[in-house]
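Note sheet for the following structure.
Protein chains in written order, with the working numbering: chain A, 1 to 480; chain B, 10001 to 11028.
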């Protein structure tokens, strides 16, 4: 047995013995007994080699953040204000129909100040002071690229490796590959955070965390930000835990009779599922109840942790989920689609995410989880150097730009202090070390312990995989 | 996409029912048995070799293909009868890394048995077979069986022969109550009424079961149950899907499907009308509605998307859906390249797509509920009148035209008798405050703004008035007064006839803007064309009392302010072409400005609009009255003065109003409409919309029967091709899916893929027999179900044994009766029906029953009109689940929890998992708690004073049987324990029985009702209640 499997098994047993004294009924105990040692049984294929990252927290900035206003510093552009983007740079690239009718493509230099930080000397915008403090923990990729130029296909490609909906997302592949470490919570959790500014949100649909053709158990479970985090988790009014327990004891006994009569193993499964449901009714409220957080948590993540559904609150929940063994947490943060009014929106966007990201890194470090938790930050594409709509020194808009954008990773075996890839002076074309989405995916899978060519699932006769059929490469420079 | 779409399943707790290994074909017994290519060899080659040595020319390695015998022989890979001379054998047994096949980097490894099989096959002569599913089904001989007495119909022979071959025997027949429940669920999707069960149990006639079944088949719930599965395949939903995901008014198609099944429409007709109802000769409204099948695809209106890319996506979805639903083929694999396993080339995919590439559906759905092309669908009661109305409208309009042709002499003599005075008298002068001629109507001179100041028309808020003028506007881009009595230096008190951006409007102001009224016409007037504009106000003080006319025609209006309460009178004088001191009209000519202190009636408005031209005309000598001057006056005369025309026009208006109210009561249908040009498509490199290669004409793949020479190359011809008697796929695919509905899995488990990468059928001969039977029965769906449901196979008890669990773990061999967790809709409908809450009305607009807050809001865009889930009330809470509003970005939460697909793309097989989320739903959701309480009320009333009778009554409704003795003490214990609890906690009892919109029966003791509610909740959550 692989050492990692061994540990997984031990953890499961620890959980089981730890929880068994939790005051559950006899039937629950019986169901737990029958479940012991089942790690990896429901479809997890297990890693190909020892994983560096055992958890992922993926922070998706929906809409596509502007790389040249945040990380891809282009001081030369100051001299290009309102001048046309040279055709030699644009090279006839297709445009969205939002700007393809524009008569001119006037360059909009970033209005924000940049400074170099850390040992690595990464340039960071003034809008991200907290991020700037931790650049030596981050692994920047300034040369991401994709084919998609509209949101739906682009987010789908970022999440599933393909623009056409219907394929499993990264979280589902991770669940399929590594399985669960937790008995009481889902393997893959999705949190849709609310941006404080909602000038132009994009659609976020459940198809993004669908398991595609993978078995449904690998789909993301979306924790709701208002109401109960999980649908139907609350007993109805007038039904206390003790009433539920009595009712379930009778139910189990009735179902045991059915099992004795017909011998259908599915009946057994059902009995177990009802006991698990009962346990979740305790574990989920405990997860979302932040009253046990120390005062230092607010210092780390900022005061927004008290606003349910905020990015800070979601990130804190992500840390609690990872702590409890949840494998993959996907967070979506909206309103990065800055076709207009960068000046009015970018500061809000940055304020929403800056401190919480920093807080998360510090918190995971102090809890010893940073090295095994991979954090990913980024959008589905970048934005154009030229302005969409009106351009002034103070304000401008930017259209979608698939040919280059910036993302960062942290922890989980990624190499801190890395600045990978380079773009031209217009942040328009990549001039060094391009990273396609599938290369990025291959690298993430590597960190999770997988050879991306061997993590496959039979579908439509193909050995389907996250990285698809085109060649993809693991970017070893990004790995510590 | 097949069987995907579930999103709520859970980590490793979930046990995928369908994930259990299937038994496809009997294991080889000894080396003597002759190998069969399709059964024994092809799966090995397909899995390990074809992706490099198969049909796809682009990825073929070493120019070798192994899927065709000739090619494999020619290359020397296979030498029949001589394995040792065959390169294939040398390579697969090789231990050299550079030589061995499959190559190590593919991570594919042949087992020793597989290598031996290939070797023996070549030894035996290396005979190939075409893929089984591409050969037409022939009715096979019925196999002999030992236990003849078990046979009820031919299905049983195939099943039993196989069981006997495996050394298994069928399970005993299920008892009548179990059978009654199972059959009711299969036919109607609902549990049977206890009285129906009792009647069947007590029916001693030999055909009691058949009679019971017929009763079920007559229930309209039959059509609902069948439609539910079909709607997954048709990807029916109530929203567009992409981006805003706005409402789509599509439910007439859903109701058509229900109706078609209830009428037992033959499946060939069912298929034809959906694929091509619009192309049928003398097509009916119903057939047009059916063509909505091709309109169920997801659409977008996202700004910035590229039209051609969207259209390519829509066509592709329609083609793939056709492939899955009717051909059982993963045609989608050939979008980007030649199919890897089936002999379908990329070019053939696009030739097939060409059939679906010729509709008038646009690239953008407009975010509206009625994206063209659509047709009006009146309610069934309105249909006869609607049809008659179209005729009457056409007839009346024709009579208007006829009158126009005939009345000219009358008009001529009328005109000859007219003078300026007689014409002017046509509009009564009563209430005329001012009339300013300003300039001649024919004058092209601009900007006439006379220095006119009159102390007239000082209207109070409740004074009706009319203001009108001829205007020729040289420049629309201005805001100005045509005539006004308004003090723009005192909060704009007064009124005006106004124009902004070319749109005519009016203000009535006491204090701008908080005490004012403003209405503006929707459309602007034409630039540089004389137009008669008129505003009429009825004195009501409300914006809706304002009407605006251009050339006598009423215009749609926009209300900008509507909060007038104070006085509108002012001391400043009336002025033409400006307010008191601002808003001067520029670059415009005016003529005949009139203000009346009354509201003119409709006919006066029309007369006034034409009066000017008529006056101009009579001023001219008769010989200068050219046709272009006379014709407008003639039209005006017909419309306003000619009684016969006026009567006819009144009749048309009446008919149109009637039509409008019928439209209002009815709905619409999204229909398919063929473009009037020959269909074609482009081969797209890697499936990308902007990488066009060769153009292709509509055609069907070469490995399937040829397209009929006399059939049109459109969807109708495609339907004819599909339904040809020799078509190998159509009937097999259809019966396989109906089988899947009844037995939980198809004879071919991969019901969307009968191609070579799909699984082999468990009973190939049975599938063929059923396919031929189905086709020869006239595609009779009810007959097919009757056949399945009356078989001994179906009637077995679901009891299993250790031996069967070992040999037939997933019941692929049907060694016992079908038993599996009900589909999402059935789970909910079951609770509603068992409690008596279910509202059985068939059809109508989709409804929004209970759903936890925030499900839509969490994913919807702020601009979406399906962002906020507004729950319905009353009956709509208790309709069958196939009527629940289906938002694609957030399908009904309860349905999704139970593996319902999102309906974004075609689904022909649902997943079936068991998860704790499902347990939470049926334990806690309002629907189930309310149903439990209503069920409890029912048994409390019916079984007064007798707990045993109550428990039995409940069991009869939930389990279709009385309680068993072993169950009684368990229920009793729950009841006693909970009764004690609620006696001590009356406030909790009150809270529990208040769940749901319906009110608890006040006659019942709340504490007793609460305890029984939980007993019902327990029973509704039994494994037996959740399973078929």
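Virtual Cβ for every residue (Gly too), placed ideally from N, Cα, C.
Could you check whether residue j and residue i sit closer than 8 Å to each other, using their CB atoms as the reference points?
{"i": "residue 10155(B)", "j": "residue 10902(B)", "result": "no"}
{"i": "residue 413(A)", "j": "residue 480(A)", "result": "yes"}
{"i": "residue 498(A)", "j": "residue 283(A)", "result": "For chain A, the structure presents residues 1 to 480; residue 498(A) sits outside this window and is missing."}
{"i": "residue 10349(B)", "j": "residue 10331(B)", "result": "yes"}
{"i": "residue 10310(B)", "j": "residue 10679(B)", "result": "no"}
{"i": "residue 10399(B)", "j": "residue 10648(B)", "result": "yes"}
{"i": "residue 10761(B)", "j": "residue 10770(B)", "result": "no"}
Would you tell me roughly how many angstroms separate the C-alpha atoms of residue i and residue j, rounded to the nearest one?
{"i": "residue 10652(B)", "j": "residue 10428(B)", "result": "27 Å"}
{"i": "residue 10242(B)", "j": "residue 220(A)", "result": "20 Å"}
{"i": "residue 9985(B)", "j": "residue 10786(B)", "result": "Since the displayed chain B opens at 10001 and closes at 11028, residue 9985(B) lies outside it and no answer follows."}
{"i": "residue 30(A)", "j": "residue 10046(B)", "result": "Its pLDDT being 30, under 50, residue 30(A) is placed unreliably in this model, and the coordinates cannot settle the point."}
{"i": "residue 42(A)", "j": "residue 176(A)", "result": "Residue placement at residue 42(A) cannot be trusted, given a pLDDT of 45 that sits under 50; the coordinates are not used to answer."}
{"i": "residue 10632(B)", "j": "residue 10506(B)", "result": "28 Å"}
{"i": "residue 10586(B)", "j": "residue 10480(B)", "result": "8 Å"}
{"i": "residue 10027(B)", "j": "residue 249(A)", "result": "The predicted position of residue 10027(B) is uncertain, since its pLDDT is 40 and thus under 50; a value taken from the coordinates is nonetheless stated next. Their backbone Cα atoms lie some 44 Å apart in a straight line."}
{"i": "residue 81(A)", "j": "residue 110(A)", "result": "10 Å"}
{"i": "residue 28(A)", "j": "residue 189(A)", "result": "Only weak support exists for where residue 28(A) lies, its pLDDT of 32 falling under 50; the coordinates are left without a value."}
{"i": "residue 10281(B)", "j": "residue 10141(B)", "result": "41 Å"}
{"i": "residue 10144(B)", "j": "residue 10161(B)", "result": "7 Å"}
{"i": "residue 10012(B)", "j": "residue 217(A)", "result": "Here residue 10012(B) scores only 33 on pLDDT, less than 50, and its place in the model is too uncertain to base an answer on."}
{"i": "residue 256(A)", "j": "residue 11024(B)", "result": "11 Å"}
{"i": "residue 10743(B)", "j": "residue 10228(B)", "result": "16 Å"}
{"i": "residue 10677(B)", "j": "residue 10247(B)", "result": "31 Å"}
Mind checking which residues open and close the beta strand (DSSP E) that includes residue i?
{"i": "residue 10516(B)", "result": "10515 to 10521"}
{"i": "residue 10562(B)", "result": "10557 to 10562"}
{"i": "residue 10943(B)", "result": "Counting along the chain, residue 10943(B) falls outside any beta strand (DSSP E), and DSSP gives it neither H nor E."}
{"i": "residue 428(A)", "result": "Run containing residue 428(A): none; DSSP gives neither H nor E here."}
{"i": "residue 10341(B)", "result": "No beta strand (DSSP E) contains residue 10341(B), which DSSP labels as neither H nor E."}
{"i": "residue 10499(B)", "result": "10493 to 10500"}
{"i": "residue 10472(B)", "result": "10465 to 10473"}
Quick check on the DSSP output: the alpha helix (DSSP H) that includes residue i runs from which residue to which?
{"i": "residue 139(A)", "result": "From DSSP, residue 139(A) is part of no alpha helix (DSSP H) but of the beta strand (DSSP E) over 138 to 145."}
{"i": "residue 319(A)", "result": "311 to 323"}
{"i": "residue 10544(B)", "result": "Segment: none, residue 10544(B) is in no alpha helix (DSSP H) and carries neither H nor E."}
{"i": "residue 10400(B)", "result": "10383 to 10406"}
{"i": "residue 89(A)", "result": "87 to 90"}
On the premise that residue j lies in contact with residue i, defined as a C-beta separation below 8 Å, what is that separation, rounded to the nearest angstrom?
{"i": "residue 10667(B)", "j": "residue 10377(B)", "result": "5 Å"}
{"i": "residue 10600(B)", "j": "residue 10485(B)", "result": "Actually they are not in contact, since the Cβ atoms of residue 10600(B) and residue 10485(B) sit about 19 Å apart, beyond 8 Å."}
{"i": "residue 10431(B)", "j": "residue 10597(B)", "result": "4 Å"}
{"i": "residue 404(A)", "j": "residue 145(A)", "result": "6 Å"}
{"i": "residue 10766(B)", "j": "residue 10158(B)", "result": "4 Å"}
State yes or no: is the beta carbon of residue i nearer than 8 Å to at least one beta carbon in chain D?
{"i": "residue 10367(B)", "result": "Checking the listed chains, one finds no chain D in this structure; the protein chains it contains are A and B."}
Counting Cβ pairs closer than 8 Å, one from the segment 10821 to 10830 of chain B and one from the segment 10181 to 10197 of chain B, do we hit at least three? yes
Counting Cβ pairs, one atom from each stretch, are 3 or more of them under 8 Å apart for the segment 193 to 201 of chain A and the segment 332 to 340 of chain A? yes
Between the segment 232 to 241 of chain A and the segment 10275 to 10283 of chain B, can you find at least three pairs of beta-carbon atoms closer than 8 Å? no
Flag this pair as touching only if the segment 294 to 303 of chain A and the segment 360 to 370 of chain A have three or more C-beta atom pairs under 8 Å; answer yes or no. yes
Could you check whether the segment 379 to 393 of chain A touches the segment 162 to 182 of chain A, counting it as contact only if at least three pairs of C-beta atoms, one from each stretch, sit closer than 8 Å? no
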